[in-house]
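What follows is a set of notes on a single structure, which appears directly below.
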Amino acid sequence: MSRHATPVPMTARKSGPLTGEAQVPGDKSISHRSLILGALAVGETTITGLLDGEDVLDTAAAMRAFGAEITEAGGVWTVHGVGTGGFAEPADVIDCGNSGTGVRLIMGSMATTPITATFTGDASLRSRPMGRVTDPLAAFGARAHGRQGGRLPLTLVGAADPVPVRYAVPVPSAQVKSAVLLAGLNAPGETVVIEREATRDHTERMLAGFGARITTETTNEGRVITLTGQPELSPQTITVPRDPSSAAFPVCAALVTEGSDVLVPNIGLNPTRAGLFETLRDMGADLTYENLREEGGEPVADLRARFSPDLRGIEVPPERAASMIDEYPVLSVVAAFAEGRTVMRGVKELRVKESDRIDAMAQGLRAAGVEVEEGEDWWIVTGRGFGDVPGGVTVESRLDHRIAMSFLILGLASNRPVTVDDAAPIATSFPVFEPLMTGLGADIARQTEPA
């Protein structure tokens with residue numbers, strides 16, 4: 171693997187009330203896109219609130235390798251872009267670490283420029299399928315040469331004479347949609363992406379903000395996004411809202427930890443990202459939105475989460491899956507403390523994330539004493555109610571930051587400690603997770619002796 175060679179075991183123990191403010195990092199999805207679109211603009215883009223995690227730093231390094239000048243001083247990032255179609259051929263392999271979003275969006279951004287780049291990543295990323303992106307990029311004229319199954323390491327040869335495409339995304343995936351739209355920037359004419367289920371729309375919003383001509387309409391085919399190629403993108407001043415996927419962890423921890431009252435300020439509530447919070451409220455969570463407002467074209471609010479001992483299991487609407495796909499692992503933890511069954515369907519995308527997240531969570535929850543049923547595209551957690559989850563296990567993170575954090579949240583309200591075999595991957599998306607949670611009162615610590 172490219173990093174995390176030394177495992178960092180971490181243990182969470184039953185905790186008293188969590189209280190205070192949780193200042194979670196900037197939104198990872200918007201951070202990736204800010205750097206990439208800044209690199210494709212002409213002039214200087216400034217970014218504040220950028221997530222300073224490994225995934226995003228790898229994307230910044232990739233943009234430098236393609237010729238953009240990127241600097242940081244006092245929390246302000248400056249990107250001097252090279253313009254649409256202006257990427258230079260990188261001199262070395264592009265290492266995207268653990269980031270599926272990073273590698274897929276970067277591939278799209280270079281696929282219609284006549285250069286060649288080789289991509290790799292850590293053991294987890296090298297196991298993930300890339301054909302879902304390289305197949306539509308081939309329609310533009312790009313050529314991919316990788317391991318069996320289209321896995322990294324992979325060399326992508328950009329199209330010398332790109333053509334626009336019309337592409338219906340076969341499964342809900344903002345990564346695939348975004349890769350195609352980014353490739354369409356340097357293709358003549360109109361590139362059209364059709365998605366039957368809406369996925370997070372940060373790419374469309376940000377493309378419009380940078381000056382691209384992009385429209386979205388709903389037809390009998392679904393959501394039809396049309397991008398006019400070869401624009402000159404204008405540099406922007408961007409304030410990145412705080413990440414709802416990171417906010418999920420202190421929010422869910424507060425809901426299941428007795429006596430808790432936690433405020434998580436400045437959270438992006440883009441409707442294509444906020445499905446978890448809607449689901450938690452459906453389960454009876456004491457979760458409120460305060461100070462609702464709009465920043466940089468994105469809805470934002472402060473979230474207040476209070477201990478909710480009477481959570482109930484529900485059937486999560488399958489059409490909500492795309493808006494909360496990364497949050498199902500921590501939702502399954504909350505479900506363990508609810509009464510009754512929480513049914514999650516339409517979630518096969520979880521099988522091909524940084525790990526098979528359904529299998530990882532199912533195995534760990536069962537070991538902790540929670541009943542879990544699963545199928546290829548669904549899983550069901552039968553909750554034991556507050557105060558009745560045994561815990562007392564060591565679970566595998568499988569190089570997956572969200573699996574590691576989810577099981578640490580489980581340990582905060584289980585009767586016995588929960589240890590994660592390797593919490594190092596948490597740094598990819600939430601580098602301040604440990605001090606933030608302990609600052610709220612969570613008993614989480616790196617393990618030096620047996621739990």
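All residue numbers for the sequence shown refer to our numbering, where the first residue is 171 and numbers rise by one.
All residues carry an ideal CB built from backbone N, CA and C; glycine is no exception.
Cutoff 6 Å; reference residue i; Cβ partners in own chain excluding five residues on either side
i	result
GLY213	PRO405
GLY316	LEU324
PRO587	THR181, ARG183, GLY581 and ALA621
THR290	VAL263, ASP265, LEU322 and PRO323
ILE364	ALA338, GLU391, GLY392 and VAL394
VAL542	ALA532, LEU535, ARG536 and VAL551
MET171	Residue placement at MET171 is flagged as unreliable, the pLDDT there being 37, under the threshold of 50; a coordinate-derived value is accordingly withheld.
LEU397	LEU351, GLY354, THR361 and ILE384
THR229	HIS202, LEU205 and GLY272
MET607	ILE614
ARG527	PRO499 and LEU520
PRO469	LEU439
Beta-carbon proximity of residue i to residue j, cut-off 8 Å
i	j	result
LEU227	ASN268	no
ASP480	GLY454	yes
ALA593	GLU224	no
GLY483	THR449	no
ASP331	GLY311	yes
ILE276	ALA258	no
VAL246	THR216	yes
ALA353	ALA281	yes
ALA192	VAL517	no
GLN400	THR304	no
PRO177	ASP529	no
GLY553	GLY510	yes
LEU462	ALA475	no
Cβ neighbours of residue i in the same chain (closer than 7 Å, five flanking residues each side left out)
i	result
ARG302	SER343 and VAL346
SER584	LYS184, ALA538, VAL559, PRO560 and GLY561
SER297	ARG321
Own chain residues within Cβ distance below 8 Å of residue i, not counting five before or after
i	result
ILE579	ALA182, PHE419, CYS422, ALA423, VAL426, VAL500 and VAL503
ALA308	ALA314
Nearest-angstrom Cβ-Cβ length linking residue i and residue j, presumed shorter than 8 Å
i	j	result
VAL486	MET514	5 Å
PRO334	ALA357	5 Å
LEU403	LEU207	7 Å
LEU446	GLU524	About 18 Å; that fails the 8 Å criterion.
Cutoff 8 Å: residue i Cβ touching any chain C Cβ
i	result
GLU566	No chain C appears in the structure shown, which is made up of a single protein chain.
Contact between the segment 552–560 and the segment 598–615 (3+ Cβ pairs under 8 Å): Touching, no, given that fewer than three Cβ pairs across the two stretches are closer than 8 Å.
Stretch pair the segment 565–582 + the segment 479–494: three plus CB contacts closer than 8 Å: No: the two stretches stay apart, fewer than three of their Cβ pairs being nearer than 8 Å.
Segments assigned beta strand (DSSP E), at least 3 residues, entirely inside the segment 230–297: Within the segment 230–297, the complete beta strand (DSSP E) runs of at least 3 residues fall at 239–243, 246–252 and 286–290.
Inter-stretch contact (C-beta, 8 Å, three-pair minimum) for the segment 230–241 and the segment 448–465: The answer is no - the segment 448–465 does not touch the segment 230–241, with fewer than three Cβ pairs under 8 Å.
At least 3 beta-carbon pairs within less than 8 Å: the segment 438–448 vs the segment 360–372: With a cut-off of 8 Å on Cβ pairs, the segment 438–448 is in contact with the segment 360–372, counting three or more such pairs.
Beta strand (DSSP E) segments (min. 3 residues) lying fully within the segment 419–493: Listed in chain order, the complete beta strand (DSSP E) runs (minimum 3 residues) inside the segment 419–493 are 431–438, 456–465 and 468–476.
Completely contained beta strand (DSSP E) runs for the segment 318–343, where each covers 3 or more residues: If we require 3 residues or more, the beta strand (DSSP E) runs fully inside the segment 318–343 come out as 321–327 and 336–339.
Ranges of the beta strand (DSSP E) found wholly within the segment 383–420, counting only runs of at least 3: As summarised for the segment 383–420, the continuous beta strand (DSSP E) elements at least 3 residues long and confined to that stretch are 384–389, 392–398 and 407–409, given in chain order.
Ordered list of alpha helix (DSSP H) runs contained in the segment 519–571, each at least 4 residues: Unbroken alpha helix (DSSP H) stretches of 4 residues or longer found wholly inside the segment 519–571: 527–537, given in chain order.
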